[in-house]
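S.K.:
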Amino acid sequence: MKNTTIGFIGGGNMARSLVGGLCQSGLPPASLHVSEPDDTRRQALHDDFGISVHGDNQTVVDACEVVVLAVKPQRLKDVITTLQTRADDGKLYLTIAAGIRTDSLQQWLGGERAIVRAMPNTPALVQSGATGLYANNYVTNQQKDLAESILRAVGLTVWVTEEAQMDAVTALSGSGPAYFFMVMEMMEQAAVKLGLPTDTARLLTLQTAFGAARLALEIEEDPAQLRRNVTSPGGTTEQAIRALQDHDIQQMFEQALQAAHDRARELADELGQ
Numbered sequence: 372m373k374n375t376t377i378g379f380i381g382g383g384n385m386a387r388s389l390v391g392g393l394c395q396s397g398l399p400p401a402s403l404h405v406s407e408p409d410d411t412r413r414q415a416l417h418d419d420f421g422i423s424v425h426g427d428n429q430t431v432v433d434a435c436e437v438v439v440l441a442v443k444p445q446r447l448k449d450v451i452t453t454l455q456t457r458a459d460d461g462k463l464y465l466t467i468a469a470g471i472r473t474d475s476l477q478q479w480l481g482g483e484r485a486i487v488r489a490m491p492n493t494p495a496l497v498q499s500g501a502t503g504l505y506a507n508n509y510v511t512n513q514q515k516d517l518a519e520s521i522l523r524a525v526g527l528t529v530w531v532t533e534e535a536q537m538d539a540v541t542a543l544s545g546s547g548p549a550y551f552f553m554v555m556e557m558m559e560q561a562a563v564k565l566g567l568p569t570d571t572a573r574l575l576t577l578q579t580a581f582g583a584a585r586l587a588l589e590i591e592e593d594p595a596q597l598r599r600n601v602t603s604p605g606g607t608t609e610q611a612i613r614a615l616q617d618h619d620i621q622q623m624f625e626q627a628l629q630a631a632h633d634r635a636r637e638l639a640d641e642l643g644q
């Protein structure tokens with residue numbers, strides 16, 4: 372990847388996190404280009420990472436082998452349809468815009484293009500992201516490796532074999548950080564009601580969430596077994612788990628993810644027109 376030129380159309384938070392992760396992984400700043408209309412943001416990218424920055428999208432497309440589409444989904448069509456691209460240029464188009472299907476991107480780009488859809492999540496901002504990836508039929512194995520390497524700079528990556536599965540990825544890991552933030556918020560508030568100072572409740576909540584996630588990643592046991600390991604018969608944890616199950620927390624999560632999944636499909640239909 373060190374000899375590959377990578378360009379970003381859009382210099383927002385996710386693009387910035389990817390640029391930072393790529394630089395930390397050893398990619399030469401000279402290999403990275405970003406087009407960004409905002410003068411202040413563009414200058415900050417250059418000052419912080421030493422990369423090439425531009426005010427024009429076409430300059431980035433012409434200069435790079437990989438073009439990362441990092442603009443908001445609502446703006447993507449307008450941005451893409453102004454670009455001049457060729458099917459035989461061998462470029463990989465990597466989109467991190469949520470909800471836009473590859474057939475829509477193909478149409479806007481003007482035909483048969485190698486496209487990888489990526490669904491990163493906000494922990495990518497601290498190099499702890501989880502990204503689902505899908506490649507269309509024009510993507511070579513080498514290009515798949517490139518796309519994976521770019522997203523691995525900010526966390527874990529997994530491939531899905533069917534594009535429809537990206538809606539489930541969106542519901543699970545794309546929206547997922549908000550679910551955990553909400554759980555942390557509610558645990559903190561409940562602990563305060565039990566008498567803990569707010570700062571103490573917050574610190575214990577955050578470290579508990581971090582420790583539980585790290586334990587689940589590093590120990591070869593599934594979450595159900597890890598839960599059982601903490602749940603002594605007749606103990607405090609058992610009572611807490613029973614209270615959650617009495618309110619059918621499983622069904623609530625199923626409904627939540629289904630709602631996010633359905634909305635992802637709706638947005639793809641709306642934004643892909």
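Be aware that the sequence shown starts at 372, since it is given in our numbering, and climbs by one per residue. All residues carry an ideal CB built from backbone N, CA and C; glycine is no exception.
Which value, in whole angstroms, describes the spacing of the CA atoms of A572 and Y509?
M.R.: Those two C-alpha atoms are separated by around 51 Å.
S.K.: V437 and I380: beta carbons closer than 7 Å?
M.R.: No, these two residues do not count as a Cβ contact at 7 Å.
S.K.: Any heavy atom of the ligand SAM closer than 6 Å to the beta-carbon of S499?
M.R.: This structure lacks the ligand SAM, and indeed carries no ligand of any kind.
S.K.: By DSSP, does V645 sit in helix, in strand, or in coil?
M.R.: Since the first residue of the chain shown is 372 and the last is 644, residue 645 is not available in this structure.
S.K.: Using 8 Å as the cut-off, can you tell me whether the region 396 to 409 makes contact with the region 493 to 509, which would need three or more C-beta pairs spanning the two stretches below that distance?
M.R.: In short, these stretches do not touch, since the Cβ pair count stays below three.
S.K.: Grab me the residues of L416's own chain with a C-beta within less than 8 Å of its C-beta, minus the 5 sequence neighbours each way, in chain order.
M.R.: Contacts found: G382, R387, V390, V405, E407, I422 and V424.
S.K.: Verify whether the separation of the beta carbon atoms of Y505 and V525 is less than 7 Å.
M.R.: No.
S.K.: Distance, Cα to Cα, V563 vs T607?
M.R.: Spanning the two alpha carbons is a distance of roughly 18 Å.
S.K.: Can you tell me where the beta strand (DSSP E) holding Y505 begins and where it ends?
M.R.: Where Y505 is concerned, the enclosing beta strand (DSSP E) stretches over G500 to A506.
S.K.: DSSP three-state label for S520, please.
M.R.: Correct three-state label for S520: helix.
S.K.: Reducing DSSP to helix, strand and coil, say where V438 ends up.
M.R.: Strand at V438.
S.K.: Taking only the alpha-carbon atoms, compute the straight-line gap between Q414 and V431 and give it to the nearest angstrom.
M.R.: Going from the Cα of Q414 to the Cα of V431 covers about 16 Å.
S.K.: Whole angstroms are fine: how far does the CA of G503 sit from the CA of L480?
M.R.: Cα to Cα, L480 sits roughly 22 Å from G503.
S.K.: Any idea what DSSP makes of S648, helix, strand or coil?
M.R.: The requested residue 648 does not occur in the structure, where the chain is confined to residues 372 to 644.
S.K.: Who are G378's beta bridge partners in DSSP?
M.R.: Note: G378 sits in a beta bridge opposite H404 and V438.
S.K.: Please report how far the alpha carbon of C394 lies from the alpha carbon of L565, in whole angstroms.
M.R.: Looking at the two C-alpha atoms, the distance is approximately 46 Å.
S.K.: Considering only residues of the same chain and omitting the five flanking positions on each side of K448, which have a CB-CB separation below 7 Å?
M.R.: W479.
S.K.: When burial is assigned at 16 or more other CB atoms within 10 Å of the CB, is L476 buried or exposed?
M.R.: Buried, since its Cβ has 16 or more Cβ neighbours within 10 Å.
S.K.: Taking L465 as part of the beta strand (DSSP E), name the residues at either end of that continuous run.
M.R.: It spans L463 to T466 - the beta strand (DSSP E) in which L465 sits, taken as one unbroken run.
S.K.: Going by DSSP in three states, V431 sits in which element: helix, strand or coil?
M.R.: In this structure, V431 counts as helix in the three-state DSSP scheme.
S.K.: Give the straight-line distance between the Cα atoms of E637 and G643, rounded to the nearest whole angstrom.
M.R.: One C-alpha to the other measures close to 10 Å.
S.K.: Would you mind working out which of T541, D459 and M385 sits nearest A635, comparing C-alpha positions?
M.R.: Minimum Cα distance to A635 is reached at T541.
S.K.: Could you tell me which residues DSSP pairs with R488 in its beta bridges?
M.R.: DSSP output for R488 lists T466 and Y505 as bridge partner(s).
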